[in-house]
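Asker: Sharing a structure below in structure tokens format, with a few things to ask.
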Amino acid sequence: MASEIEKAFEAATARYAELGVDVASALEKLASVPISMHCWQGDDVGGFESDRGLSGGGIMATGSYPGKARNADELRQDADQAYRLIPGRHRFNLHAIYLESEGKRVERDAITPDHFSRWMDWAAERGIGLDFNPTFFSHPLADDGFTLTHPDDGIRRFWIRHGIACRKIGEAFGRRLGSACVTNVWIPDGQKDLTADRRTPRLRLAEALDEIFHEPIDPTYLRDAVESKLFGIGSETYVPGSHEFYMGYAVTRKKLLTLDAGHFHPTESIADKLSAVLLYLDGVLLHVSRGIRWDSDHVVIFNDETRAVAEEIVRGDYLARVFIGLDFFDAGIHRVAAWTIGMRAMLKALLWALLEPFDRLRELETARDYTARLLLFETVKTLPFGAVWDYHCRRCDVPLDSEVIAEVRRYEEEVTSRRA
Ligand code: RNT
Ligand code: ZN
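See below:
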């Protein structure tokens, strides 16, 4: 280890200790937190079911950076490269459209764990857990904007069968890998314009979900999550699966509630929601994202919002109840870099939170010394946080922030730029 980095780390440790913060124990905790890295940043939410690419669903990847993964082998290769640049051991989050079916068309209601056996082998070899998502978009039967709320019984039932099939796959992941698979249901359903009947689609959605979740599955292997949304492209006026809908659903059915940072009003922060919803729920799944002006799914960075989320997880002692996943897709920059930047930003935010002098801040708050509290919040911002992060990266044998770009360029030259 470069002695400069060690020296800076020792000095930083002493500074944090002055505020009662134990840096060593913060690093130990950080090393135990897995982040679920989402497959879909690797290929702009395309998947390998067909050549159709991302269509509908009210979400959009913009940009045309060359060299995206064209098949599952390439996606695994890219994910491996990202993992080499990210400290710690993490998880991988698959969508149903990332199946491998040897070129055969398999309908979504007919997918089985076999279609993901190579993903399971890959994860087992690396000792990582897998998470999963049914895909309720990029499909002819979703083109009119309705899936689980569809008025047509046949179409609705098709999507219910898809949800059921996906829970079996999630369970298989959990069994094989010895780690519960969080399986997240998000549907794109909604209305573009003035909506007369907001009630019936919600009734249908609750019923459809009840059917999907009908079979009890051991939570050791599978954890069900449901994701709300405020609006999407083409569903600006009405989304049946709103926050209130899923909050009630998750509480009454004992599911995980998924909070996506981009799925609320622009000034609304998911950080503040954690200590509220966790009074009533066993757990939460986070989709850490970065919306700019709308649910734009920009790459997560180390900003106030990401820090606030991490701070709330740590302050509330929720690390065991909050599953952290990322959700963004920017096709305008190198995709391995996008993963790496987002994952590292989330880890930095967690480290930042673990290094917060929380006990002291709380004492000041209890004493209603808001002057000293504000000063302490400001003091923390200029502590040598970077020295601790650098040390952590070195110790985990991954590049420093300043070294990541060279690794990405090398990989680009050797691998992704050669993809036609
Ligand atoms: C869409 C949701 C959802 C998707 C992924 C691909 O607004 O956030 O989580 O981004 O399932
Ligand atoms: Zn999401």
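For the sequence shown, the residue numbers in the working numbering are 24 to 443.
C-beta: ideal position from N, C-alpha, C; glycine also.
Only a predicted model underlies this, so the values are computations on that prediction, with no experimental measurement involved.
1) R131 to G348, Cα distance in whole Å?
2) Please state whether the Cβ-Cβ distance between M60 and A92 is less than 8 Å.
3) How close, in whole Å, do the beta carbons of A95 and R128 come, if the pair is a contact with beta carbons under 8 Å?
4) Go through its chain and collect everything with a Cβ distance to T172's Cβ below 7 Å, but skip five positions before and after it.
5) Using a Cβ-Cβ cut-off of 8 Å (strictly less than) and excluding sequence neighbours within five positions of C62, which residues of its own chain qualify?
6) Between the C-alpha atoms of G193 and R184, what's the straight-line distance to the nearest angstrom?
7) Excluding the 5 residues preceding and the 5 following A333 in the sequence, name in chain order all residues of the same chain whose CB lies nearer than 7 Å to its CB.
8) Could you please go through the chain and list the residues whose beta-carbon is closer than 5 Å to any non-hydrogen atom of ligand 2?
9) So, do the stretch 282 to 294 and the stretch 317 to 337 have three or more beta carbon pairs nearer to each other than 8 Å?
10) Quick test of your reading: E250 and W209, contact by CB under 8 Å. State the CB separation rounded to the nearest angstrom.
11) Express the C-alpha separation of R391 and T158 in angstroms, rounding to a whole number.
12) Answer yes or no: do F320 and F352 have a C-beta to C-beta separation smaller than 8 Å?
13) Return the residue from the list L304, H357, T281, L342 that minimises the CA-CA distance to V438.
14) Counting only the same chain and skipping the five closest in sequence on each side, list residues whose C-beta sits under 7 Å from that of L387.
15) Does the Cβ of N326 lie closer than 7 Å to at least one heavy atom of ligand 4?
16) Shortest alpha-carbon distance to P163 belongs to which of A203, R179, G152, D66?
17) What is the rounded straight-line gap between the Cα of V56 and the Cα of G365?
18) Quick one: is A231 buried, meaning 16 or more other Cβ sit within 10 Å of its Cβ, or exposed?
19) Grouping DSSP H, G and I as helix and E and B as strand, with all else coil, what is F352?
20) Where do the ends of the beta strand (DSSP E) carrying S202 lie?
21) Could you tell me the alpha carbon to alpha carbon distance between A343 and T243, rounded to whole angstroms?
22) Between R38 and the rest of its own chain, which residues show a CB-CB distance below 7 Å, the 5 nearest in sequence each way excluded?
23) Would you please state the rounded distance, in angstroms, between the beta carbons of G197 and C204? I believe it to be under 8 Å.
24) Please classify L280: is it buried, with 16 or more other beta-carbons within 10 angstroms of its beta-carbon, or exposed?
25) Go through its chain and collect everything with a Cβ distance to E72's Cβ below 6 Å, but skip five positions before and after it.
26) For my contact list, L308 and N207 are in at a C-beta cut-off of 8 Å; report their separation, rounded to the angstrom.
27) Which two residues bound the contiguous beta strand (DSSP E) that contains T281?
28) Count the other CB atoms, across all protein chains shown, that sit within 10 Å of the CB of T389; report buried if there are 16 or more and exposed otherwise.
29) Look at the alpha carbon of Y414 and the alpha carbon of S425, and state the distance between them as a whole number of angstroms.
30) How far does the beta strand (DSSP E) with M369 in it extend, from its first residue to its last?
31) What distance in whole Å lies between the Cβ atoms of G43 and R383, which are believed to be in contact at a cut-off of 8 Å?
32) Please work out which residues of its chain come closer than 7 Å, Cβ to Cβ, to F160, disregarding the five sequence neighbours upstream and downstream, and give them in chain order.
33) Terminal residues of the continuous beta strand (DSSP E) containing H266?
34) So, at 7 Å on beta carbons, what are the nonlocal neighbours of I187 in its own chain, with the 5 sequence-adjacent residues on each side left out?
35) For Y272, count the other beta carbons within 10 Å of its own beta carbon; 16 or more makes it buried, fewer makes it exposed. Which is it?
36) Could you check whether the Cβ of V68 sits closer than 7 Å to any heavy atom belonging to ligand 1?
Answerer: Let me lay it out:
1) 24 Å
2) In this structure, A92 does not lie closer than 8 Å to M60 by Cβ.
3) Contact flag wrong, Cβ pair sits at about 16 Å.
4) D212, P224, R227, L228, P263
5) When the five nearest sequence neighbours on each side are left out, the beta carbons in the same chain lying within less than 8 Å of the beta carbon of C62 are those of L98, A102, F115, N116, L117, H118, Y121, in order along the chain.
6) 14 Å
7) A372, L373, W375, A376
8) D283, H310, D350
9) yes
10) Cβ atoms of E250 and W209 come within 8 Å of each other, at about 4 Å.
11) 49 Å
12) Correcting the residue type first, residue 320 is Asp in the shown sequence and not Phe. In contact: D320 and F352 (Cβ atoms closer than 8 Å).
13) H357
14) A395, R396, L399
15) In the structure on display, ligand 4 does not appear, and the ligands it does have are ligand 1 and ligand 2.
16) R179
17) 15 Å
18) buried
19) coil
20) Per DSSP, S202 belongs to no beta strand (DSSP E) and is neither H nor E.
21) 14 Å
22) L406, P407
23) At roughly 4 Å, the Cβ-Cβ gap stays under 8 Å, so G197 and C204 are in contact.
24) buried
25) I120
26) 6 Å
27) Element bounds for T281: 279 to 283.
28) exposed
29) Near 13 Å, if we compare the C-alpha coordinates of S425 and Y414.
30) Note, M369: premise wrong, no beta strand (DSSP E); alpha helix (DSSP H) at 358 to 377.
31) That belief holds up - the Cβ atoms of R383 and G43 are roughly 6 Å apart, short of 8 Å.
32) Within the same chain, F160 has close Cβ partners G79, G80, P211.
33) For H266, there is no enclosing beta strand (DSSP E); the residue is part of the alpha helix (DSSP H) that begins and ends at 266 to 276.
34) Taken in chain order, the residues that qualify are I235.
35) buried
36) The answer is yes for V68.
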